[in-house]
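For reference, the structure discussed in these notes is given below.
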Amino acid sequence: RPTVGVFALQGDVREHLHTLAALGATAIAVRRPAELEDCDALVLPGGESTTMAKLARTFDLLEPLRERVAGGMPTFGTCAGMILLADEISGGAAGQETIGGLDVTVRRNAFGRQVDSFEAALPFAGLEEPVHAVFIRAPWVERAGEGVEVLATAHDHPVAVRQGHLMATSFHPEVDGDGRVHRIFVELLGR
Ligand code: GLN
306 RPTVGVFALQ GDVREHLHTL AALGATAIAV RRPAELEDCD ALVLPGGEST TMAKLARTFD
366 LLEPLRERVA GGMPTFGTCA GMILLADEIS GGAAGQETIG GLDVTVRRNA FGRQVDSFEA
426 ALPFAGLEEP VHAVFIRAPW VERAGEGVEV LATAHDHPVA VRQGHLMATS FHPEVDGDGR
486 VHRIFVELLG R
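In this text, residue positions in the sequence shown follow the numbering used here: the first is 306, and each later residue adds one.
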């Protein structure tokens, strides 16, 4: 059984833990560097990305996270977690720190006020049936590097991507989770 951590200093932790456990992983909350060391893989949940980055720095997790992600630890970011994995943030987020590793530029709150939050049945690469995707003040991918595979799009922008051991979705697959998107991530661990 792989141990999959969920970054737990802020954000939407509990549903991820449940979904991962249901898929047969040992799911643990990660708040300290020692807990990160126990992980074979990590989920960065939704929440507020600036707060998450600041707390990660305050609790001495930001550098260890950067090292693990750069060192090949499979990592799955959802919503704010996608922002944390992005190499670059556009749209007036100058100075916002990320973990990085994913060769994308993301725009925070990209769908705008009119569509602050919405749900969609989203075709998803490798899945037969669309995913019920819940978007909450979600980012989208504005630029994706050559090594980045687009797994789903909404409003003509990538909202799910994969690059090697890294995966990210703009939406919240844990919310009404039938677990299929998490399963794709967990299956990366066996490779
Ligand atoms: N808008 C948030 C941010 O910029 C992300 C929202 C979410 O994770 N649901 O960090």
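Cβ atoms here follow ideal geometry from the backbone N, Cα and C, with glycine treated the same way.
Tell me the DSSP secondary structure of V420 in three-state form.
On the sequence shown, position 115 is the one that residue 420 refers to. In the structure shown, V420 sits in a helix (DSSP, three-state: H, G or I).
Is V439 helix, strand or coil when you go by DSSP?
By one-based count along the sequence shown, residue 439 stands at place 134. Residue state, collapsed to three classes: strand.
Cα-Cα separation between G382 and D317, rounded to whole angstroms
Reading the sequence shown from its first residue, position 77 is the one you call residue 382. Reading the sequence shown from its first residue, position 12 is the one you call residue 317. Looking at the two C-alpha atoms, the distance is approximately 11 Å.
Cβ-heavy atom distance, L417 to the ligand GLN, below 7 Å
If you number the sequence shown from 1, residue 417 lands on position 112. Sequence check: residue 417 is Gly here, not Leu. Every heavy atom of the ligand GLN is 7 Å or more from the Cβ of G417, so no.
DSSP has V480 in a bridge; who is on the other side?
Sequence index remark: in the sequence shown, residue 480 carries index 175 (1-based). For V480, DSSP assigns no beta-bridge partner whatsoever.
Here's a check: name, in chain order, each residue in its chain whose Cβ is nearer than 6 Å to the Cβ of Q315, leaving out the five neighbours to either side.
Here residue 315 corresponds to residue number 10 of the sequence shown, with the count starting at 1. Closer than 6 Å at the Cβ level, and outside the excluded window around Q315, lie G352, T356, M357, L360.
S354 Cβ short of 7 Å to the ligand GLN heavy atom set:
For this step, residue 354 is matched to residue 49 along the sequence shown. Yes; taking the cut-off as 7 Å, the Cβ of S354 has a heavy atom of the ligand GLN nearer than that.
Would you list the residues sitting across from G310 in a DSSP beta bridge?
On the sequence shown, residue 310 is found 5 positions in, with the first residue counted as 1. Answer is I333, L347.
V409, enclosing beta strand (DSSP E) - first and last residue:
Counted from its first residue, the sequence shown places residue 409 at position 104. Here the beta strand (DSSP E) through V409 covers 407 to 412.
Going straight from the alpha carbon of A457 to that of M387, what length do you get?
Indexing the sequence shown from 1 puts residue 457 at position 152. Indexing the sequence shown from 1 puts residue 387 at position 82. Rounded to the nearest angstrom, the gap between the Cα atoms of A457 and M387 is 14 Å.
Exposure of V444, with buried meaning 16 or more beta-carbon neighbours within 10 Å
Counting from 1 along the sequence shown, the entry for residue 444 is found at position 139. For clarity, residue 444 is Pro in the given sequence; the question names Val instead. The residue is buried, with at least 16 neighbouring Cβ atoms inside 10 Å.
Per-residue DSSP class, three states only, for P369
Taking the first residue of the sequence shown as 1, we reach residue 369 at position 64. If DSSP states are grouped into helix, strand and coil, P369 belongs with the helices.
Could you have a look at G400 and say whether DSSP puts it in helix, strand or coil?
In the sequence shown, counting from the first residue as 1, residue 400 sits at position 95. Residue state, collapsed to three classes: coil.
Enclosing beta strand (DSSP E) for E393 [first to last residue]:
Here the question's residue 393 lines up with position 88 in the sequence shown. Taken as a continuous stretch (DSSP letters only), the beta strand (DSSP E) holding E393 covers 391 to 395.
DSSP state of G316 mapped onto helix, strand, coil
If you number the sequence shown from 1, residue 316 lands on position 11. The answer is coil: DSSP assigns G316 none of H, G, I, E or B.
Consider the C-beta atom of I404 and the heavy atoms of the ligand GLN; say whether any pair is separated by less than 7 Å.
In the sequence shown, counting from the first residue as 1, residue 404 sits at position 99. No, the ligand GLN has no heavy atom inside 7 Å of this Cβ.
In the DSSP assignment, find the alpha helix (DSSP H) that holds P338 and state where it starts and stops.
Locating residue 338 in the sequence shown gives position 33, counting from the first residue. Element bounds for P338: 338 to 342.
Considering just the uninterrupted stretch of the alpha helix (DSSP H) at H487, what are its terminal residues?
Numbered from its first residue, the sequence shown carries residue 487 at position 182. Where H487 is concerned, the enclosing alpha helix (DSSP H) stretches over 485 to 494.
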